[in-house]
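Protein chains in written order, with the working numbering: chain E, 5 to 355; chain D, 21 to 554. Idealized CB from N, CA, C, for every residue including glycine.
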């Protein structure tokens with residue numbers, strides 16, 4: 005086992021030197037999600053050795069860990085205390101660090117029922133593009149002192165700062181969990197799940213693979229038992245939800261090139277027939293599409309309902325498409341980037 | 021708004037009057053700057069120079085409605101303060117535009133002339149967030165009060181910024197939905213103000229703050245451009261500026277539209293009360309409820325004086341001889357909520373609760389909540405004035421912080437009553453004082469500052485949900501380093517390079533902190549009470 009060491013000062017000094025020399029850096033954890041922006045340039049700044057859980061206080065519902073801490077290590081420590089990361093970050097090929105999860109902002113199947121990555125970020129320590137180590141937010145649930153800079157780091161791909169430490173809100177692991185499959189078509193399935201959720205059933209996962217609905221229920225034993233009575237369904241194959249989270253389902257093994265990812269606003273749908281294979285997670289809000297005949301048509305269809313589209317992997321951030329061109333916002337994003345990284349050395353070109 | 025009792029005496033009656041004498045002449049600006057030593061604004065934040073007549077004339081032609089432009093001193097008085105009525109300033113003018121186009125034109129004009137702008141919703145801020153700037157324009161969003169869309173199937177509401185918080189839940193209710201953040205001023209406060217302050221309430225631990233419940237915001241920037249943040253594009257990877265907007269206290273832009281998520285009403289709610297002989301027991305029970313894996317929908321604590329004040333006021337049936345009570349709300353499917361009630365009961369009894377009472381029906385549940393919700397006005401009946409603080413600490417330090425606060429209060433010869441969101445560790449100490457006793461407000465403010473510094477020293481923060489505003493700006497020097505504050509200021513400049521939106525608030529300048537630090541123990545260390553200064 006690798007020793008848990010604080011390399012924060014070394015990392016800070018490297019950023020400062022890079023700032024002075026105007027030399028671009030590419031902050032990296034395990035590199036398990038590097039395909040998301042493989043075209044970035046610069047010297048690799050590895051955070052993998054800057055690891056370890058700094059603090060875990062179960063009664064405060066908080067955990068603080070260094071950015072390079074493997075997600076697997078964090079989840080194991082939380083599990084021992086009967087807790088979990090409610091946003092269920094993916095671990096591609098079994099890898100992934102906390103810093104990478106926060107920097108990419110990718111959440112797993114529980115997202116629509118538990119919250120986004122940033123909903124669980126309470127505080128961060130990071131090095132900005134001038135080589136200054138800064139701390140924002142904290143270890144408490146409510147904190148409105150100053151701008152919410154910590155949550156700004158989520159999804160920023162390290163372009164605003166090199167994450168050193170992150171404090172998260174963690175949640176109790178549900179007492180009981182059931183994974184079911186139901187023979188329902190996608191539209192019917194999503195409607196049912198929305199209605200079950202509105203009735204208070206403890207839904208924690210809803211995915212449709214084109215053939216069947218995969219439904220997960222988590223909560224108190226009594227609540228799950230009551231929910232199963234209402235939903236019906238057969239037991240799912242074990243490990244389905246982890247495999248979906250980590251893209252290890254057969255659906256992902258049979259891809260014809262990198263899939264397209266579409267995220268839709270709640271209650272919006274894409275027309276049928278845009279791809280030969282579709283896997284819908286988040287009760288229809290996050291779609292994985294394979295064998296897309298006409299990417300332009302897909303892009304237009306996603307934009308028409310306010311969805312966002314990206315080619316997930318192997319093509320760099322050129323694949324990221326926003327719902328619509330928003331010049332005013334892009335200008336502000338550029339200026340915010342300059343406010344954190346005036347020399348443009350952090351993950352340069354990203355975002 | 022509910023959190024403050026007023027009116028208390030204007031601390032600067034002379035300054036306020038003098039400021040408006042002769043405003044018609046633009047040459048008065050030099051004099052105004054010189055006067056700002058009397059103001060809660062610093063001189064460095066009052067260095068704007070423009071031709072007032074030019075401003076007023078051009079505002080008139082943008083607004084095209086004489087009632088929408090206010091320049092007379094009498095009418096401006098309506099805007100001189102907000103929920104923190106100790107601070108008062110008159111703006112140069114107030115505008116009440118009707119349309120997005122008007123707001124953008126007003127902002128463009130103010131950008132051109134370099135006029136400060138303070139946006140205002142219902143004016144319920146408890147940190148002087150909506151306090152006018154003495155050289156600035158007060159921008160009221162009162163006419164933006166339409167609910168544009170409720171989509172029950174998608175569980176969203178699209179609203180204008182002047183819509184009241186409670187109004188959103190009211191229109192959602194027929195669909196079995198509600199808007200989760202519920203600050204105690206929810207009957208009056210607006211969604212725009214909630215976004216500016218990242219408002220909380222009593223259900224945050226389970227259902228989140230404003231930042232967790234707002235999906236999209238359209239903002240007018242200081243140069244009059246409309247920009248929309250949030251939406252489905254913000255599901256990582258990709259830069260997401262929405263969290264910077266929420267809680268930005270009107271310093272980055274003016275919110276003109278928001279899409280919020282609505283939650284389904286839970287199938288059942290159970291409300292219970294536990295009474296304790298010591299505050300420490302109640303504090304420990306809070307930690308153990310969470311440790312048992314239960315996330316209550318609400319978990320509130322009141323101390324003895326608050327219990328008695330509330331009981332005298334609304335007869336909620338509280339045990340008046342208890343040192344502390346916990347009010348716990350549990351929700352979910354009936355079997356689940358009932359099981360949790362029993363587990364919470366066991367935890368409370370383990371910690372020595374003399375009485376644990378579960379509301380038998382909805383009306384008893386409402387009665388248990390009524391005392392908590394009326395706690396601030398109830399405290400208002402036992403003291404001529406009170407000052408409502410808002411700090412957050414890690415829950416495990418509740419007992420220590422409460423004991424230390426009692427000591428500090430007695431050192432200052434003041435009384436403190438505690439009502440707070442125990443589940444979040446969010447304290448609302450109410451310092452009781454009498455504004456008619458010379459020096460008592462100043463002493464109260466100083467004690468308040470010390471309480472906030474205590475929160476920082478215990479690993480917490482100077483504000484959980486009320487914002488920094490003007491009130492806590494000095495304590496920002498204690499919580500953040502120079503480099504961190506400079507990073508805040510750099511973010512501010514990215515949106516508002518000329519510093520025109522709500523200047524002098526939220527983030528202190530390096531100068532201000534240098535001055536504050538000179539008379540203060542610095543570096544997050546707990547300052548020793550210094551009674552010699554009185």
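Q. In three-state terms, what does DSSP make of residue 388 (chain D)?
A. helix
(Q) Could you give the first and the last residue of the continuous beta strand (DSSP E) run that contains residue 208 (chain E)? (A) 207-212
Q. Is the stretch 224-241 of chain D in contact with the stretch 195-210 of chain D, if contact means three or more CB pairs nearer than 8 Å?
A. yes
**Q.** Beta-carbon proximity check, residue 225 (chain E) vs residue 180 (chain E), cutoff 7 Å
**A.** yes
Q) From which residue to which residue does the alpha helix (DSSP H) around residue 223 (chain D) run? A) It is not in any alpha helix (DSSP H) - residue 223 (chain D) carries neither H nor E in the DSSP assignment.
Q: Please name the residue, chosen from E:307, E:262, E:271, E:275, that lies closest to residue 292 (chain E) on a Cα-to-Cα basis.
A: E:262
Q) Just the Cα atoms here: how many angstroms apart are residue 535 (chain D) and residue 113 (chain E)? A) 51 Å
Q) Since residue 446 (chain D) sits in a beta bridge, which residues does DSSP pair it with? A) D:412, D:441
Q. Three or more beta-carbon pairs under 8 Å between the stretch 329-347 of chain E and the stretch 259-271 of chain D, yes or no?
A. yes
Q. Listed in chain order, which residues of the stretch 248-265 of chain D have Cβ atoms closer than 8 Å to some Cβ of chain E?
A. 248, 249, 251, 252, 253, 254, 255, 256, 257, 258, 259, 260, 261, 263, 264
Q | Straight-line Cα distance separating residue 305 (chain E) from residue 447 (chain D) | A | 49 Å
Q) Between which two residues does the beta strand (DSSP E) containing residue 115 (chain D) stretch? A) 113-115
Q. Where does residue 262 (chain D) sit, in a helix, a strand or coil, going by DSSP?
A. helix
Q: Using a cut-off of 8 Å between C-beta atoms, extract the partners of residue 416 (chain D) located in chain E.
A: 61, 63, 64
Q) Which value, in whole angstroms, describes the spacing of the CA atoms of residue 2 (chain E) and residue 128 (chain D)? A) This structure gives no information on residue 2 (chain E), because the portion of chain E shown stretches from 5 to 355.
Q.
Using C-beta distances below 7 Å, list every residue in its chain close to residue 348 (chain E), excluding the 5 sequence neighbours before and after it, in chain order.
A. none
Q.
Assuming the contact rule is C-beta atoms closer than 8 Å, residue 213 (chain D) and residue 145 (chain D) should be a hit. Round their C-beta distance to whole Å, please.
A. 7 Å
Q: Pull up the DSSP beta-bridge partners for residue 31 (chain E), would you.
A: E:49
**Q.** Chain-ordered chain E contacts of residue 192 (chain D) [CB-CB under 8 Å]
**A.** Going along chain E, no residue has its Cβ under 8 Å from residue 192 (chain D), so there is no contact; the nearest lies around 12 Å.
Q | Endpoints, the beta strand (DSSP E) within which residue 68 (chain E) is located | A | 66-70
Q.
By the 7 Å beta-carbon criterion, what residues does the stretch 214-248 of chain E contribute toward chain D?
A. 223, 224, 226, 227, 230
Q: Output, in chain order, the set of chain E residues within a Cβ distance shorter than 7 Å of residue 446 (chain D).
A: 146
Q: May I ask you to report which of helix, strand or coil DSSP gives residue 512 (chain D)?
A: helix
Q: Check whether the stretch 188-202 of chain E touches the stretch 155-166 of chain E, counting contact only when three or more Cβ pairs, one atom from each stretch, lie closer than 8 Å.
A: no
**Q.** Spatial distance of residue 341 (chain E) from residue 365 (chain D) (CA atoms)
**A.** 51 Å
Q: Below 9 Å between beta carbons is the criterion; list the residues of the stretch 105-123 of chain D that meet it against any residue of chain E, in chain order.
A: none
Q) Taking Cβ positions only, does residue 483 (chain D) come closer than 7 Å to chain E? A) yes
Q) If we count Cβ pairs, one from each stretch, closer than 8 Å, do we get three or more for the stretch 287-306 of chain D versus the stretch 369-378 of chain D? A) yes
Q) Hey, would you say residue 157 (chain D) sits closer than 7 Å to residue 187 (chain D), going by beta carbons? A) no
Q: Please classify residue 280 (chain E): does DSSP put it in a helix, a strand, or coil?
A: strand
Q: Express the C-alpha separation of residue 348 (chain D) and residue 352 (chain E) in angstroms, rounding to a whole number.
A: 49 Å
Q) For a contact meaning CB atoms closer than 9 Å, what does residue 312 (chain E) contact in chain D? A) 251, 252, 253, 254, 255, 258
Q.
Does the stretch 94-101 of chain D come into contact with the stretch 56-73 of chain D, if we say contact requires no fewer than three beta-carbon pairs (one atom in each stretch) closer than 8 Å?
A. no
(Q) Here's the rule: buried if 16 or more other CB atoms are within 10 angstroms of the residue's CB, otherwise exposed. What is residue 489 (chain D)? (A) buried
Q: Answer yes if the stretch 508-521 of chain D comes into contact with the stretch 173-181 of chain D, meaning at least three C-beta pairs across the two stretches below 8 Å, and no otherwise.
A: no
Q) Between the C-alpha atoms of residue 46 (chain E) and residue 72 (chain E), what's the straight-line distance to the nearest angstrom? A) 19 Å
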